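Note that the protein sequences, when read in sequence, are chains A and B. Numbering of the first sequence is given in the working numbering, commencing with residue 656 and proceeding in unit increments. Numbering of the second sequence is given in the working numbering, commencing with residue 656 and proceeding in unit increments. From the three backbone atoms N, C-alpha and C, an ideal C-beta is built for every residue, glycine too. Fair warning: this is a prediction, and the values are worked out from it, not measured in the lab. Right, one structure below, let's go through it.
Number of protein chains: 2
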Amino acid sequence: MRNWATAKRFPRTIRYPSPNPVSLQWTRSYSTEFPPKEVTVQKFTFPLASHSVKHISNNLDKFLQGNPVTLNGHLNRRPRLMAKHAFAELRDSNGDTIQMMLAHGVTPEKYFGVVEKSIPEESISVSGKVQLKQSRSGEREWELLVENYQVLNQSNLDAARLDKLKHSSPKDLPPQFRYLQLRTPHYQNNIRTRSKIANLIRNTFIQNHDFVEVETPLLFKSTPEGAREFLVPTRKPNAFYALPQSPQQYKQLLMSSGITKYFQIAKCFRDEDLRADRQPEFTQVDLEMSFVSHSDQVGVVVEDVVHRVWKDIAKFPVYTINKNGNLEEISEFSTHKINFTKVPYIEALTKYGIDKPDLRSSLSLIDLSGFFTPLKNTNFPVLEACVLRDAFDPSKKFKVPKALSDSNSYSRRKPIVIPIKTQPDASEWYKNFVEKHLITPTSSFNESQLESTLNLHPGDILAFADRAELPYENPTPLGKFRQLAINEFPNKWKRMIELSNGDLTDNYCTKDMVVASWVVDFPLFAPTESGGSPSDEYPTYELSQLESNHHPFTMVKLEDYDLLETDPLKVRGEHYDLVINGVEVGGGSRRIHDADLQKYVFKHVLGIHHYNDLFGHLLHALSMGCPPHAGLALGFDRLCAMVVGSPNIRDVIAFPKNQSGVDPIVESPSSVPEKTLSEYFITTKN
Amino acid sequence: MRNWATAKRFPRTIRYPSPNPVSLQWTRSYSTEFPPKEVTVQKFTFPLASHSVKHISNNLDKFLQGNPVTLNGHLNRRPRLMAKHAFAELRDSNGDTIQMMLAHGVTPEKYFGVVEKSIPEESISVSGKVQLKQSRSGEREWELLVENYQVLNQSNLDAARLDKLKHSSPKDLPPQFRYLQLRTPHYQNNIRTRSKIANLIRNTFIQNHDFVEVETPLLFKSTPEGAREFLVPTRKPNAFYALPQSPQQYKQLLMSSGITKYFQIAKCFRDEDLRADRQPEFTQVDLEMSFVSHSDQVGVVVEDVVHRVWKDIAKFPVYTINKNGNLEEISEFSTHKINFTKVPYIEALTKYGIDKPDLRSSLSLIDLSGFFTPLKNTNFPVLEACVLRDAFDPSKKFKVPKALSDSNSYSRRKPIVIPIKTQPDASEWYKNFVEKHLITPTSSFNESQLESTLNLHPGDILAFADRAELPYENPTPLGKFRQLAINEFPNKWKRMIELSNGDLTDNYCTKDMVVASWVVDFPLFAPTESGGSPSDEYPTYELSQLESNHHPFTMVKLEDYDLLETDPLKVRGEHYDLVINGVEVGGGSRRIHDADLQKYVFKHVLGIHHYNDLFGHLLHALSMGCPPHAGLALGFDRLCAMVVGSPNIRDVIAFPKNQSGVDPIVESPSSVPEKTLSEYFITTKN
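Dropping the structure here:
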């Protein structure tokens, strides 16, 4: 939600704290009289634009010869009236602006009066001649000498009052003025880029990979399990549809329907608490392929799609990590084998403390279990450290940044963060913690080995924390610390780029490049968390009640098959996440296409005993010779936001809901009369 | 809904009259035991297809040289076991089939046992050599000599029992076996063609016309008016979203948001009684353009899109009606001016009795008002006739087809239908009706003029009926008769095609060609129907209470502007329907972009006094300099169904709902526990 504090930047009179600002505004200023015909005709009869500003700029010599042109668009700023001239600015549909000059003697006098009364953002059609402008910069610039100026629709006082903000900081425009915000070049670019990305994705799937786009139903079945779905009452008593969280089940039905390569850019719905990057409705690039025997066969298609988005639209180079641990640009992209770096889940968790590591950073975690045992919780016996080398100048006063040390930055316990200010700090940092019985040296503890492992010097920051052997905490406290450190020091500890001549460089901007990876070999199941509060220092687990790490249709890795019966927590799934610059952009898996195995997982591993009510349709479809299949889904909103460089998916959605689930433009959700509800056999209840 | 009568075609044992046939089936046949590893490995580890059947057929000589190939697919039929061989049939993912031969001595013996137990529709991976087949036709045909046969997933008894029906009449497969139906070539083609059409439409908009695809919200605002929308409860008391019937309001907001050329292939929702061609969720090709001054500027874009669909995908020629009233193929398609025939609404109603005339037929209605006045209802003073020339052989016994004469074919009164069997019938047909006081001759009645007007001969069928002066009945009784006659006699009264050399021919099949037209100049408003029943012979109207013929945002034709204040029923709107082969494929209009005019229409014409609650957001967006705009929506499901030659949109939707709104696969809608409902602050009610 936009921060209301920003309201102070524009006059108090347009702060709308009331529940219904739009209507308040409304009743004030418009009439319901019958508009005179000449007024209406003027708004509906006008010459079309003959050219765009950009076209004229690119062919200026031709247009300087004096042929009249017509431009249509919006008045970008309040006009300036001078003695001999009036100046105004037009913004055309590409977002390009141009000065319009009204000159006494040339421009008909009546237009001076029109321009004098005009308000920014009115829509206009102007005709005239292109001429060179007096330019301070010395560059050739042009302006339009106005011969005809027609207002196609007036604007209102809100547009006038918000005009300064519109130019200085459109992101701070109040959300009910979304249409004004969307007119500004930044947001226009976002919306247009999103369309380009969707089109590129579709053409890549269809034209390069012979996929079929299939629309699956949005009126789906309610699964009595969760409260996370939106319900849709019908006009039959106690009969509800539900809006789907993903097309997962329908796409598996499609695999049993002879569609061998399916994709869809699909709307999905999620009724849960909204965060900055969550929306109750969102868009997913969904795909599934049958007769595949390995997830890489899906991976190469997804890589081709994602690679094209970054190369063709964002114009960003795409990197992987080479055998030396350096970044290497994907120069020759293969559509036959996996190009992106593969990172096993355990490696991601132990090296980076998270299953979606930002690999642009070279920071990695150091296992100190050979030196110390943490004493606080025996279920968390692994001690690990992260060193931020040369984080500060030890000759100056230094305090660890609040973001790294504040417990609000961490969901549970925070790591211990120590600035190494002196040489004694570097060698004796641990003694204090041993004394306090937070850690204890192991039997094999060796001081000089510890020193060479950590290699601390004044100016470094050391952080350490404990974690469980098989980390279900994700990120671990130290994984979170690493993320915070990367944000806090964006230009430090960058992974080296290895150039084609072998040279190494870290002279690059992490914002304008992409490191793409697959995180693989996830545990298929996790224990449910038992009791406790989400802010407890340590989570506790109910090891006898398992849940799927992703969804219950994910196939076990065949190497781990026997463990499914004996020790399911040790089983790795054929799940794979696509992680780009530390963001989980997508996830997929091979699915269980064998009905017997799927039933076993439902009943004996997950304890879902009424699986037939929930998933009978799927089991039946599998049992009719459904071929082996695998697939994936990409978060389309997130991908678009990353391409346009925005942290928030709301910036790439035309009409997003705010964090209360409210559409500030149309003011939904809204109340419904009891009479209407009765037609759906429901009534409200408090 | 599929006709259950067809169930007799397959064994009685699989008639499932119970509410939950799938689960019944289910519990019977599958185990929840842990499947042995070797069984699972066999299903998940297999060679990928090296080629498709089609590729081998097209390059047969190369493959006859003996290199082994692998094909994956489904077992298309039950195998036949002979003394020396076994024969089976594989259907690959293109729907192409090929014979597999297992030969003792070549094919490992174990596979004979596998094939013997196999059930149609299991998914398989087979390898072997390509060889020529003994062919009766003399054509070179090939078969696969099997060296490896691997079952990737078993099929079930339903697939076996339904196999004959699958081959003979897949449309009659029970709807809960939709995935089996979708595997058959006809349905595969439907689904794949739909994807191609969507892709062609998108690329035409984006690449040829510089449009931007924008997703608009599906969680929209409930408008307290209608009961036609689906509601979505939220987890706030008495706060509901509604699923949109179309993106109309959001796309107008986009016009005020600087998007000058918008389109979207959008999901829409409609909670009303379902007919054969209606679904509760459907898909619309939606577009809108700003800074347009005439609807033809939208029309040319839509024509380009639609023309490409027919030419490139259906491979059908597209015709318009030329100045001689003949069909003429659009050979040179213009993207600068309208190519399709324009038919004013009044012309459509008077000549064809409907606003979506099938122009492939030359049948048109004849005004008899100069000869007779109908006497039954003074509000319906126009008498008109339709003559089906040479409909039957007068020398043989003839009865008017029931479809034309049955009152069930007509929603209100039916026309009087007279077979002209003799010469006296031709000249004296009316006398009986005059005697019965159904019609009366006018003062200017002239018998010989009537005869030359109708020019009846034995073998003709004459129909006549009355209608109102400005026909709000649509179709009129006689318009309906014309439609029925076209269906009943598909090869008669075809409009002539005028060839480029001027020759005329009606030697064409109406199914394989397209006549495209724009119906224009619709009345902007219609009186509401008052009282009475929809099956009354004559409708009655409440002339003081008007409703929009399309929607309240449609602009009045400027020529009729003054009538908006004085006589709104006479006002024509800037609405235009796209009609192809008698089907309304789309509709659009210029919109009112002036807030004052829109308010006037809401309040003073339509009597919507709480317009601010309903449309305040739109009025406010218009008032912020929203530019002039116009747009259109195409019924995408209908368009796809027409392209694949299907009468039913369910044939081009992967998982349609049946006529009770039920998804027969997943069995939605379904009940939801009260506990879940309370989270949404609702409860069920009877």
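Verify the CB distance criterion: does residue i have a CB-CB separation below 8 angstroms to chain E?
{"i": "residue 1200 of chain A", "result": "This model lacks chain E altogether; the protein chains it does include are A and B."}
Is residue i helix, strand or coil by DSSP?
{"i": "residue 1119 of chain A", "result": "strand"}
{"i": "residue 1339 of chain B", "result": "strand"}
{"i": "residue 777 of chain B", "result": "coil"}
{"i": "residue 1087 of chain B", "result": "helix"}
{"i": "residue 859 of chain A", "result": "helix"}
{"i": "residue 1065 of chain B", "result": "coil"}
{"i": "residue 852 of chain A", "result": "helix"}
{"i": "residue 1253 of chain A", "result": "helix"}
{"i": "residue 843 of chain A", "result": "helix"}
{"i": "residue 830 of chain A", "result": "helix"}
{"i": "residue 1079 of chain A", "result": "helix"}
{"i": "residue 1024 of chain B", "result": "coil"}
How close, in whole Å, do the beta carbons of residue i and residue j come, if the pair is a contact with beta carbons under 8 angstroms?
{"i": "residue 871 of chain B", "j": "residue 905 of chain B", "result": "4 angstroms"}
{"i": "residue 635 of chain B", "j": "residue 1049 of chain B", "result": "What the structure shows of chain B is the stretch from 656 to 1341, and residue 635 of chain B is not part of that stretch, so it cannot be assessed."}
{"i": "residue 1140 of chain B", "j": "residue 1043 of chain B", "result": "5 angstroms"}
{"i": "residue 895 of chain A", "j": "residue 1327 of chain B", "result": "5 angstroms"}
{"i": "residue 1124 of chain B", "j": "residue 1037 of chain B", "result": "6 angstroms"}
{"i": "residue 1072 of chain B", "j": "residue 1116 of chain B", "result": "6 angstroms"}
Would residue i count as contacting chain B if we go by Cβ distances under 8 angstroms?
{"i": "residue 948 of chain A", "result": "yes"}
{"i": "residue 914 of chain A", "result": "yes"}
{"i": "residue 894 of chain A", "result": "yes"}
{"i": "residue 845 of chain A", "result": "no"}
{"i": "residue 890 of chain A", "result": "yes"}
{"i": "residue 933 of chain A", "result": "no"}
{"i": "residue 809 of chain A", "result": "yes"}
{"i": "residue 1337 of chain A", "result": "yes"}
{"i": "residue 723 of chain A", "result": "no"}
{"i": "residue 820 of chain A", "result": "no"}
{"i": "residue 695 of chain A", "result": "yes"}
How is the beta strand (DSSP E) around residue i delimited, first residue to last?
{"i": "residue 807 of chain B", "result": "797-808"}
{"i": "residue 896 of chain A", "result": "895-897"}
{"i": "residue 1230 of chain A", "result": "1230-1235"}
{"i": "residue 629 of chain A", "result": "Since the displayed chain A opens at 656 and closes at 1341, residue 629 of chain A lies outside it and no answer follows."}
{"i": "residue 1244 of chain A", "result": "1238-1245"}
For residue i, report the span of its alpha helix (DSSP H) as first-last.
{"i": "residue 1163 of chain A", "result": "Premise fails: residue 1163 of chain A is in no alpha helix (DSSP H) and is neither H nor E."}
{"i": "residue 906 of chain A", "result": "903-910"}
{"i": "residue 1219 of chain A", "result": "1218-1221"}
{"i": "residue 695 of chain B", "result": "692-699"}
{"i": "residue 954 of chain A", "result": "951-963"}
Can you find a C-beta in chain A that's less than 8 angstroms from the C-beta of residue i?
{"i": "residue 701 of chain B", "result": "yes"}
{"i": "residue 944 of chain B", "result": "no"}
{"i": "residue 1326 of chain B", "result": "yes"}
{"i": "residue 738 of chain B", "result": "no"}
{"i": "residue 1144 of chain B", "result": "no"}
{"i": "residue 759 of chain B", "result": "no"}
{"i": "residue 1320 of chain B", "result": "yes"}
Taking 7 angstroms as the line, does the beta carbon of residue i fall inside it for any heavy atom of the ligand SAH?
{"i": "residue 743 of chain B", "result": "Looking for the ligand SAH in the displayed structure turns up nothing, as the structure carries no ligands at all."}
Please specify which runs of the alpha helix (DSSP H), each continuous and at least 4 residues long, are wholly inside the stretch 972-1022 of chain B, giving them in chain order.
-> 1000-1007
Which ranges would you report for the beta strand (DSSP E) in the stretch 1089-1149 of chain A if only whole runs of at least 3 residues count?
-> 1094-1096, 1116-1122
Could you name each continuous alpha helix (DSSP H) segment of 4 residues or more that falls completely within the stretch 1306-1334 of chain A, going from the start of the chain to the end?
-> 1329-1334
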